[in-house]
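For reference, the structure is listed below as structure tokens.
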Amino acid sequence: MDVSKSRRVLGAASALALILAAAPSHAVEKGDWLIRAGIAHVAPDDRSGAVTGISGSGVEVDGATNLAVNFTYMLSDNWGVELLGALPFRHDIKGSGAISSLGTIAETKQLPPTVAVVYNFAPKASVRPYAGIGLNHTVFFDEKVTGGLVGMANGISLDSSTGLAAEVGVDVDLDNNMFFNASLWYVDIATTATLEGGALDGARVDVDIDPWVVFAGVGWKF
5 MDVSKSRRVL GAASALALIL AAAPSHAVEK GDWLIRAGIA HVAPDDRSGA VTGISGSGVE
65 VDGATNLAVN FTYMLSDNWG VELLGALPFR HDIKGSGAIS SLGTIAETKQ LPPTVAVVYN
125 FAPKASVRPY AGIGLNHTVF FDEKVTGGLV GMANGISLDS STGLAAEVGV DVDLDNNMFF
185 NASLWYVDIA TTATLEGGAL DGARVDVDID PWVVFAGVGW KF
């Protein structure tokens, strides 16, 4: 890196440090409610087995974005309980391997309510990193077959999933009661999809969706 660029980077870092140091510090403490609202993107890190009777086949799940909200109640200055919710996410399901030529073969909506215990590392600071672990329950609904699967099956159903979830995040104060929030979740989601009717009636495929969920938004302290 050349000297001028180094000076610019150092200057930007120094300015950021001064801004953070000058930012008002509004402590989070026992009894506070924190409400965060924003945009969440679900990015599946998916793997699947073969569709029953079709060797070398599989499926892939596309990502989805929607509005999300979470509520945290502080049990102490450091510890809280958080509930994560969102508007339904809609995912396309595509064939892979031996059935990749079918393209998008189904779609579904899902709701992923998650409860977690969170630990706030710096409750008295204006920049407050935290981490949490909890339990997710994902419900799939409005499933339907599409594209290349139409005519081979009349419908599809996906089992609900319950699994562990973990998160890291940070709140940055904007004013007395408002803050910016960014967080990253990893959620254990596994389901079995079952085809209904047509030539593939009863065919099944196991799918580990295991998404990363990225959230950014604003929050309020009450």
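Whatever position you read off the sequence shown (first residue = 1), add 4 for my numbering. Heads up, the beta-carbon is just placed ideally off N, CA and C, and yes, glycines get one too. Since we're looking at a predicted model, the values are computed, not measured.
Checklist line | Contact set for lysine 225: own chain, Cβ-Cβ below 6 Å, skip 5 residues either direction | finding: Within the sequence shown, residue 225 is the residue found at index 221, counting from 1. Taking lysine 225 as the centre and dropping the five residues before and after it, the same chain places the C-beta of Asp36, Leu38, Asn181 closer than 6 Å to its C-beta, in chain order.
Item checked: Euclidean distance between Cα positions of threonine 142 and threonine 195 -> The residue labelled residue 142 in the question sits at position 138 within the sequence shown. The residue labelled residue 195 in the question sits at position 191 within the sequence shown. If I take the Cα positions, the gap works out to 9 Å.
Margin query: With H, G and I counted as helix, E and B as strand and the rest as coil, what does DSSP make of glycine 152?
Written below: Stepping through the sequence shown from its first residue, residue 152 is reached at position 148. Under the three-state reduction of DSSP, glycine 152 is assigned to helix.
Margin query: Could you compute how far the alpha carbon of valine 65 sits from the alpha carbon of glycine 107?
Written below: In the sequence shown, the residue the question calls residue 65 occupies position 61. In the sequence shown, the residue the question calls residue 107 occupies position 103. Distance between the alpha carbons of valine 65 and glycine 107: 12 Å.
Next item on the list: For serine 105, name the three-state secondary structure that DSSP assigns.
Entry: Taking the sequence shown and counting its residues from 1, the one referred to as residue 105 is at position 101. Helix at serine 105.
Item checked: Closest by C-alpha distance to aspartate 205, when choosing among Val222, Ala47, Gly84, Val154 -> Start at 1 with the first residue of the sequence shown, and residue 205 comes out as number 201. The option with the nearest alpha carbon to aspartate 205 is Val154.
Margin query: Within a Cβ cutoff of 6 Å, which residues of the same chain sit near phenylalanine 93, ignoring the five residues on either side of it in sequence?
Written below: Within the sequence shown, numbered from 1, the residue matching residue 93 stands at position 89. Closer than 6 Å at Cβ, skipping near neighbours: Val46, Ala68, Asn70, Gln114.
Check: Residues in its own chain within less than 7 Å of alanine 31 by CB, not counting five upstream and five downstream?
Finding: Translated into the one-based positions of the sequence shown, residue 31 becomes position 27. The residues Pro127, Lys128, in chain order, have a CB closer than 7 Å to that of alanine 31 in the same chain once the five nearest residues on each side in sequence are set aside.
Next item on the list: Could you say which of Gly89, His95, Ile193, Ser104 lies nearest to valine 119 if we only look at CA atoms?
Entry: On the sequence shown, residue 119 is found 115 positions in, with the first residue counted as 1. Taking valine 119 as reference, the option from Gly89, His95, Ile193, Ser104 with the minimal CA-CA separation is Gly89.
Note to self: Taking only three categories from DSSP, how would you classify lysine 128?
What the structure shows: Here the question's residue 128 lines up with position 124 in the sequence shown. The three-state reading of DSSP puts lysine 128 in coil, since its state is none of H, G, I, E or B.
Next item on the list: Can you grab the Cα-Cα spacing for the pair leucine 79 / isoleucine 213, in whole Å?
Entry: Counting from one through the sequence shown, the residue named residue 79 turns up at place 75. Counting from one through the sequence shown, the residue named residue 213 turns up at place 209. Roughly 32 Å between the two C-alpha positions.
Checklist line | First and last residue of the uninterrupted beta strand (DSSP E) at leucine 188 | finding: If you number the sequence shown from 1, residue 188 lands on position 184. 182-191 is the span of the beta strand (DSSP E), which, as asked, contains leucine 188.
Next item on the list: Just grab the DSSP bridge partners of proline 92 for me.
Entry: By 1-based counting over the sequence shown, the position of residue 92 is 88. Residue pairing from DSSP leaves proline 92 without any beta-bridge partner.
Item checked: CA nearest to the CA of valine 218, picked from Thr198, Leu188, Ile193 -> To locate residue 218, count along the sequence shown from 1; it is residue 214. The shortest C-alpha separation from valine 218 is found at Leu188.
Next item on the list: For isoleucine 1, name the three-state secondary structure that DSSP assigns.
Entry: In the structure displayed, the chain extends from 5 to 226; residue 1 sits before or after that span and is not available.
Next item on the list: Compare the C-alpha of alanine 135 against each of Thr56, Gly99, Ala169, Ala207 and name the closest.
Entry: Against the sequence shown, residue 135 aligns to sequence position 131. The shortest C-alpha separation from alanine 135 is found at Ala169.
Notebook entry, point to check: Is leucine 162 near alanine 186, with beta carbons less than 9 Å apart?
Noted result: In the sequence shown, the residue the question calls residue 162 occupies position 158. In the sequence shown, the residue the question calls residue 186 occupies position 182. It is not a contact, given that the beta carbons lie outside the stated cut-off.
Next item on the list: Can you grab the Cα-Cα spacing for the pair methionine 156 / proline 48, in whole Å?
Entry: The count along the sequence shown starts at 1 and reaches residue 156 at position 152. The count along the sequence shown starts at 1 and reaches residue 48 at position 44. Our two residues, methionine 156 and proline 48, have alpha carbons roughly 26 Å apart in a direct line.
Note to self: Assuming glutamate 171 is part of the beta strand (DSSP E), what are its boundary residues?
What the structure shows: Taking the sequence shown and counting its residues from 1, the one referred to as residue 171 is at position 167. It spans 165-177 - the beta strand (DSSP E) in which glutamate 171 sits, taken as one unbroken run.
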